[in-house]
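Residue numbers (the numbering used here), protein chains in the order written: chain A, 2 to 339; chain B, 2 to 339; chain C, 2 to 339; chain D, 2 to 339.
Beta carbons are placed, not taken as given, at the ideal position from N, Cα and C, and that holds for glycine.
For clarity, every value in this text was computed on a predicted model and none was experimentally measured.
There are 4 protein chains.
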Amino acid sequence: MSKKLRIAVLGAGRIGRLHIGNLSARISDAEVKVIADVYAPAAEKCAADFSIPEVSSDPLRVIEDPDVDAVVICSSTDTHSDLIVAAAKAKKQIFCEKPIALGLDRIDAALDAVEKAGVKLQIGFNRRFDSNYRRVHDLIQAGEIGDLHVLKIASRDPSPPPIEYVKVSGGLFLDMMIHDFDMARYLAGSEVEEVFTVGAVRVDPEIGRAGDIDTAVVTLRFENGAIGTIDNSRRAVYGYDQRVEAFGSLGMAETANRRPNEVRIYGGSAVKEDLPLNFFVERYTESYVAELKEFVECVISDRPTPVTGLDGRMPVAIGYAAKRSLDEHRPVAVSEIA
Amino acid sequence: MSKKLRIAVLGAGRIGRLHIGNLSARISDAEVKVIADVYAPAAEKCAADFSIPEVSSDPLRVIEDPDVDAVVICSSTDTHSDLIVAAAKAKKQIFCEKPIALGLDRIDAALDAVEKAGVKLQIGFNRRFDSNYRRVHDLIQAGEIGDLHVLKIASRDPSPPPIEYVKVSGGLFLDMMIHDFDMARYLAGSEVEEVFTVGAVRVDPEIGRAGDIDTAVVTLRFENGAIGTIDNSRRAVYGYDQRVEAFGSLGMAETANRRPNEVRIYGGSAVKEDLPLNFFVERYTESYVAELKEFVECVISDRPTPVTGLDGRMPVAIGYAAKRSLDEHRPVAVSEIA
Amino acid sequence: MSKKLRIAVLGAGRIGRLHIGNLSARISDAEVKVIADVYAPAAEKCAADFSIPEVSSDPLRVIEDPDVDAVVICSSTDTHSDLIVAAAKAKKQIFCEKPIALGLDRIDAALDAVEKAGVKLQIGFNRRFDSNYRRVHDLIQAGEIGDLHVLKIASRDPSPPPIEYVKVSGGLFLDMMIHDFDMARYLAGSEVEEVFTVGAVRVDPEIGRAGDIDTAVVTLRFENGAIGTIDNSRRAVYGYDQRVEAFGSLGMAETANRRPNEVRIYGGSAVKEDLPLNFFVERYTESYVAELKEFVECVISDRPTPVTGLDGRMPVAIGYAAKRSLDEHRPVAVSEIA
Amino acid sequence: MSKKLRIAVLGAGRIGRLHIGNLSARISDAEVKVIADVYAPAAEKCAADFSIPEVSSDPLRVIEDPDVDAVVICSSTDTHSDLIVAAAKAKKQIFCEKPIALGLDRIDAALDAVEKAGVKLQIGFNRRFDSNYRRVHDLIQAGEIGDLHVLKIASRDPSPPPIEYVKVSGGLFLDMMIHDFDMARYLAGSEVEEVFTVGAVRVDPEIGRAGDIDTAVVTLRFENGAIGTIDNSRRAVYGYDQRVEAFGSLGMAETANRRPNEVRIYGGSAVKEDLPLNFFVERYTESYVAELKEFVECVISDRPTPVTGLDGRMPVAIGYAAKRSLDEHRPVAVSEIA
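As structure tokens, then:
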């Protein structure tokens with residue numbers, strides 16, 4: 002391994018571009034050696050913008066490159082598991098965007114390959130690296146709020162994704178609430194045993210016609226006895242709403258949204274503040290940097306990654322349980338799925 | 002009717018005392034003519050403290066007093082419905098503390114008597130008169146947050162009631178969450194169709210041995226399509242926690258707890274604020290005044306009361322549905338009960 | 002002295018009425034025996050509204066009434082000192098609205114009479130009893146922010162008083178900032194040595210034509226080494242603005258305004274809150290009760306009053322110093338005046 | 002000029018290093034071509050860390066380099082004006098840290114050279130690019146708070162600089178409050194006419210022995226009629242305190258400090274938040290990027306810089322006026338100095 006970790010980024014879409022920018026500018030122990038995208042112009046554009054020396058339209062060949070130490074997988078979801086398997090066989094360290102796959106069997110195949118190869122795998126649940134969530138996590142772990150009794154997660158997007166995306170994404174539970182299922186496990190420090198879903202189409206009937214819902218509240222029962230709720234909406238007119246409240250035997254921790262400034266304006270009819278940061282690129286800027294920095298450091302110093310393959314698998318299983326609860330109108334044990 | 006509404010207060014316990022104080026000092030259109038309590042010394046103590054001219058240990062005789070225009074029923078829950086029936090027959094206007102009764106049949110009998118007598122009945126859901134909740138209610142009614150999608154109610158007491166009370170109170174759903182079921186209907190402006198309960202004993206095993214739970218999250222489905230959650234705990238170490246969040250198609254409204262002062266203290270290790278107001282007497286001081294003021298005005302100007310007999314009945318029905326959901330581990334339609 | 006402190010209220014204007022209401026409804030150890038106002042209808046109206054047994058149009062005769070234990074002086078400022086002198090001679094306990102007088106000689110004469118008579122005198126600086134200011138005061142006294150370095154007081158009215166009042170009130174320094182000079186002494190726990198004033202007419206040129214200013218910043222040097230600033234405006238369009246910030250060697254305490262509710266509303270363009278409580282009647286409701294309660298208790302249990310004659314005198318002296326600083330465009334020592 | 006603006010950074014100390022990092026990672030239209038520091042190892046260390054191709058220990062020779070388009074002057078204050086003059090003569094575009102010099106004659110000489118050469122000059126008052134201050138500035142400019150009546154600036158450091166620095170820095174007014182004088186002019190959109198200073202040694206007697214003060218409140222009178230206050234302390238135990246409040250005829254805008262997270266923790270005795278961001282590197286991270294980005298864009302698109310030579314000169318003049326006010330214990334017109 003060279004002094005800097007040599008990385009191949011697979012996928013030059015929005016999230017790939019974001020990771021390439023961070024790796025170039027803010028993570029000094031890594032360098033992007035090559036960008037691969039089956040759509041070559043995307044890779045070329047990225048390479049030009051960030052002065053990356055090499056591009057490819059063949060991710061699998063890039064994975065074989067002996068000068069590549071690690072891959073960052075940002076391609077479309079349906080390619081993740083195959084690329085993980087290929088990268089594992091090539092003994093590359095792997096960072097993969099969530100979800101690993103929409104099918105648990107494909108996830109299991111990927112995790113199996115990783116385990117056999119003995120390489121590292123980190124899943125891109127970036128919110129774990131957000132300063133708000135991390136602080137709450139650390140408070141809980143340190144026992145500062147005592148035993149966790151109730152955990153409430155609010156997670157609302159500023160506007161729905163394109164309807165074409167909704168049709169292939171796996172739906173609300175797998176493309177959106179999956180982040181919250183991860184957050185629930187991360188904060189509670191415990192597995193989810195059972196879920197109960199109430200869902201509705203309130204934002205856009207088109208979403209309903211595509212077979213999905215756009216508004217949902219899921220109740221969670223954790224192994225450690227805590228009770229959780231997650232509420233999702235595809236559209237909050239006031240922007241990206243990402244908050245958590247953790248209530249325990251010794252206290253409570255709650256987070257507020259990040260704002261573009263800390264100004265309060267008193268006028269003749271109301272006191273006003275600007276809206277919260279609008280979406281994930283603004284809100285989670287630093288957490289995207291932090292997760293990759295952590296991945297690079299884990300590889301370099303040979304430590305376990307903080308978001309494991311299991312962490313990638315469980316939210317998908319919970320997502321299926323939530324979906325089944327909605328369909329069958331009953332509480333569903335995650336063990337029915339996983 | 003005399004110029005001032007002449008009121009008999011039935012029951013001189015904690016809440017009776019509170020109402021007597023408010024009627025004496027802050028509601029100029031009413032006067033407490035007599036206090037009745039089966040435990041005479043309680044009535045006498047109250048009468049002395051607030052210069053009330055008359056006491057009795059026989060509520061039923063007081064109800065017959067032709068110089069009494071209205072009764073305020075603050076006696077123990079099991080006496081509420083009989084006193085309502087007696088007062089209705091005597092053509093008195095009635096303010097009654099919640100719940101009307103623990104049994105729906107007794108509630109129905111009481112409401113029936115009220116209807117037949119054509120008298121007014123107002124139930125003591127004082128939180129509707131709190132400036133926070135009222136503001137959120139008015140915002141929703143005015144359409145300022147659009148269609149209601151998600152309603153979240155947090156309601157936590159500073160410490161559990163005596164275990165003897167737990168044994169006879171009807172339990173968490175009927176003595177505590179009943180307020181929140183009322184709040185849910187009040188804010189949503191819609192009936193609850195179905196509930197799903199997750200409950201646990203986390204605060205005190207003694208409560209479990211008494212057959213109750215001390216921690217619960219109930220998910221609600223409203224007729225108008227909104228989804229709600231209520232979380233209750235018998236003990237929040239930081240005091241009385243009473244908040245609501247209403248999310249809709251055009252915005253969101255959230256409340257914070259009231260504090261004893263608006264001071265922030267920056268020290269060498271943290272920024273601190275004093276804890277919220279500790280319990281209902283401090284927190285809802287003004288709402289207790291406002292509900293009785295409203296009752297008195299409704300009687301004097303012959304307007305319908307703002308919290309009706311139906312408003313007293315429905316939270317009890319929802320409470321039984323929530324209990325059944327917990328027992329049978331499934332979503333329960335309120336129509337199964339009501 | 003009877004069991005209840007028998008009080009004569011002298012002056013039945015806005016503030017007199019407020020005190021009568023509080024004494025009647027919320028201070029059980031006192032009773033208003035008589036209301037005196039040279040304008041008889043005002044006294045009669047008050048008496049009727051609050052069921053006060055007796056009225057008079059002659060304050061001096063009321064002061065002589067042997068059945069009166071204490072007087073609460075709420076008449077126009079120019080009568081305060083004479084009434085204090087008369088009440089002292091009649092051995093009545095005295096609560097007097099601020100200022101004692103506009104002239105230091107009259108103040109001194111009044112304080113002299115009080116001292117000779119050995120009666121109690123409390124000045125109506127009600128803000129000292131506000132929960133925000135009291136908390137900051139107590140923090141400072143307890144040493145929690147260490148040595149006080151900087152004290153900042155913001156005090157802005159929602160709108161200017163009538164121009165007729167401005168002409169006779171003594172002007173901004175004596176009718177408005179006098180409260181802040183008192184607050185400065187109260188919080189700093191130290192005397193003001195020197196002031197420097199920058200003032201302007203920004204709100205209404207009519208105020209300038211009346212010989213006054215409507216906007217001012219006064220810098221204070223305290224004996225204990227702290228530095229203070231007070232800023233006043235006759236008009237804040239967003240309502241009554243009453244805040245303080247105390248910065249010391251070990252920390253900082255700041256207050257926020259009280260609001261009518263704790264609701265935050267997130268819409269499509271901004272996050273909004275309702276304006277702060279509009280003016281002193283709403284904002285200082287409780288402090289008016291608390292100051293009289295304290296006065297009554299001090300009399301009954303023969304303790305020194307918490308706001309003394311000297312506390313009434315010093316803010317007037319500082320006011321004159323601030324005025325001289327404005328006129329002579331230089332820092333002025335309070336010792337030049339006092 | 003090459004496609005990217007080729008920059009020489011003069012001075013590789015703390016602030017130079019910060020600018021080099023930002024230019025390298027976050028400002029894509031610029032490249033650091035060379036780092037010059039009279040202390041060669043500092044330049045070499047920086048160059049290695051940020052992969053800068055060239056170093057020098059002779060700033061003047063670097064200025065002559067025909068491949069350099071612009072210089073960023075971060076060396077010690079006493080070298081600023083000479084480097085500006087040299088760079089101007091060499092027709093380089095100039096970004097210079099504040100202050101230009103401690104003497105107004107040297108400042109004038111530098112500005113004169115810039116004007117003659119027709120090059121651009123931007124002074125490093127980075128706080129103008131902070132999202133809080135910029136928002137308040139824009140609100141004022143847009144007339145949203147009406148005419149400015151009162152402007153209050155709080156600016157407190159977490160701890161004093163080394164005493165050796167205090168001795169040569171020009172003192173509190175020129176090394177610390179200079180930023181606030183700039184902020185005052187920037188926000189008020191008006192020149193300061195007169196100042197009055199109250200100062201003290203409260204933090205560390207050693208600072209007093211070095212001939213400086215550590216605590217000061219300066220009152221400002223602006224040409225446009227607004228009144229301002231600035232309070233500075235060398236030590237706020239709770240960290241870097243940087244806030245402003247602008248009060249006008251139509252409203253008020255106030256800022257709060259930035260925090261490392263938005264978490265509130267409710268425990269058994271208090272509600273807590275983590276302390277604000279500790280110092281300027283954390284607090285003003287983004288404003289340092291933004292000011293250089295703006296400089297680079299101004300040069301590339303040949304626009305006037307947003308912080309001019311005059312903007313560099315006036316705060317120094319105000320600083321001298323504030324110092325004279327302290328020494329002579331009287332209000333001092335800035336025209337006495339400038």
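- Task: Give the residues of chain B in contact with A/Pro332, contact being defined as C-beta atoms less than 9 Å apart.
- Result: Think of a sphere of 9 Å around the beta carbon of A/Pro332: the chain B residues whose beta carbon falls inside it are Phe197, Val199, His330, Arg331 and Pro332, in chain order.
- Task: Between the Cα of D/Pro31 and those of D/Asp50, D/Asp68, D/Val39 and D/Arg15, spot the shortest distance and give me the residue it belongs to.
- Result: In the sequence on display, residue 31 of chain D carries Ala and not Pro. With respect to the C-alpha of D/Ala31, the residue from D/Asp50, D/Asp68, D/Val39 and D/Arg15 having the closest C-alpha is D/Asp68.
- Go ahead and pull the three-state DSSP assignment for D/Met253. strand
- Item | Best match in D/Gly17, D/Glu165 and D/Ala26 for proximity to D/Asp38 [C-alpha to C-alpha] | D/Gly17
- A/His150 versus chain B: which residues are under 7 Å apart at the beta carbon? Arg203, Thr216 and Ser234
- Item | Cβ of D/Arg1 within 8 Å of any chain C Cβ | With chain D covering only 2 through 339, there is no way to say anything about residue 1 of chain D.
- Query: What residues are listed by DSSP as bridge partners for D/Val33?
  - Reply: Assignment of beta-bridge partners to D/Val33 by DSSP yields D/Ile8.
- Query: Expressed to the nearest angstrom, what Euclidean distance is found between the alpha-carbon atoms of C/Val333 and B/Val282?
  - Reply: 50 Å
- Query: Helix, strand or coil: which one does DSSP assign to D/Gly200?
  - Reply: The three-state secondary structure of D/Gly200, taken from DSSP, is strand.
- Task: For the region 125-191 of chain D, list the alpha helix (DSSP H) runs that are entirely contained and at least 4 residues long, ordered along the chain.
- Result: 132-142, 164-169, 173-176 and 178-189
- Query: Quick one: which chain D residues come within Cβ less than 9 Å of B/Glu274?
  - Reply: Arg265, Ala271, Val272, Lys273 and Glu274
- Burial state of C/Lys93 (16 or more Cβ within 10 Å): The residue in question, C/Lys93, is buried, as its Cβ has 16 or more Cβ neighbours within 10 Å.
- Task: Would you list the residues sitting across from D/Asp242 in a DSSP beta bridge?
- Result: Bridge partners of D/Asp242: D/Arg157.
- Taking 8 Å as the cut-off, decide whether the C-beta atoms of B/Ile64 and B/Val33 are in contact. no
- Backbone secondary structure at C/Cys75 - three-state DSSP: coil
- Query: Below 8 Å between beta carbons: does that hold for A/Ile146 and A/Gly252?
  - Reply: yes
- Task: Give the straight-line distance between the Cα atoms of B/Gln123 and B/Ile36, rounded to the nearest whole angstrom.
- Result: 19 Å
- Item | Boundaries (first-last residue) of the alpha helix (DSSP H) holding A/Ile301 | Thr286 to Ile301
- Task: Return the Cβ separation of C/Ala318 and C/Val137 in integer angstroms, given the expectation that the two are a contact with Cβ distance under 8 Å.
- Result: C/Ala318 to C/Val137, Cβ: 24 Å. No contact.
- Query: Starting from B/Lys324 and walking both ways along the alpha helix (DSSP H), at which residues does that stretch end?
  - Reply: Gly310 to Glu329
- Task: Scan the region 239-267 of chain B for residues whose Cβ lies nearer than 7 Å to a Cβ of chain D and list them as they occur along the chain.
- Result: Tyr239 and Tyr267
- Cβ pair C/Leu276, A/Val264 closer than 8 Å: Against a cut-off of 8 Å, the Cβ pair of A/Val264 and C/Leu276 comes out as no contact.
- Message: Does A/Glu337 come out as helix, strand or coil in the three-state DSSP assignment?
- Response: Three-state result, A/Glu337: helix.
- Are the C-beta of B/Gly209 and some C-beta of chain A separated by less than 8 Å? no
- Task: Would you kindly work out how many angstroms separate the C-alpha atoms of A/Ala43 and A/Val56, rounded to a whole number?
- Result: 10 Å
- Task: Assign D/Asp158 to one of two classes, buried (16 or more other C-beta atoms within 10 Å of its C-beta) or exposed (fewer than that).
- Result: buried
- Message: Strictly below 8 Å CB to CB, what residues from chain B border C/Arg27?
- Response: Under a criterion of Cβ atoms nearer than 8 Å, the residues of chain B adjacent to C/Arg27 are, in order, Ala26.
- Which class does A/Phe1 belong to by DSSP, given the choice of helix, strand or coil? Here chain A comprises residues numbered 2 to 339, so residue 1 of chain A is not present and cannot be evaluated.
- In whole angstroms, what is the alpha-carbon distance linking A/Gly269 and C/Tyr241? 12 Å
- Query: Cβ atoms of D/Val167 and D/Ile208: under 8 Å apart, would you say?
  - Reply: yes
- 8 Å CB neighbourhood of D/Ile101 in its chain, flanking five on each side removed: His81, Ser82, Ile85, Arg107, Ile108, Ala111, Leu112, Ile124, Gly310, Gly313, Arg314 and Val317
- Distance between A/Gly14 and A/Asp79 (C-alpha atoms, nearest Å): 15 Å
- Given a threshold of 16 other Cβ atoms within 10 Å of its Cβ, counted over all protein chains shown, does D/Gly229 qualify as buried or as exposed? buried
- Sub-8 Å separation of D/Thr216 and C/Phe197 beta-carbons: no
- Query: Applying a beta-carbon distance threshold of less than 9 Å, which residues of chain A neighbour D/Arg128?
  - Reply: Those do not exist, as D/Arg128 stays about 13 Å from chain A at its closest Cβ, beyond 9 Å.
- Expressed to the nearest angstrom, what Euclidean distance is found between the alpha-carbon atoms of B/Ala71 and A/Val335? Answer to the nearest angstrom: the Cα atoms are 56 Å apart.
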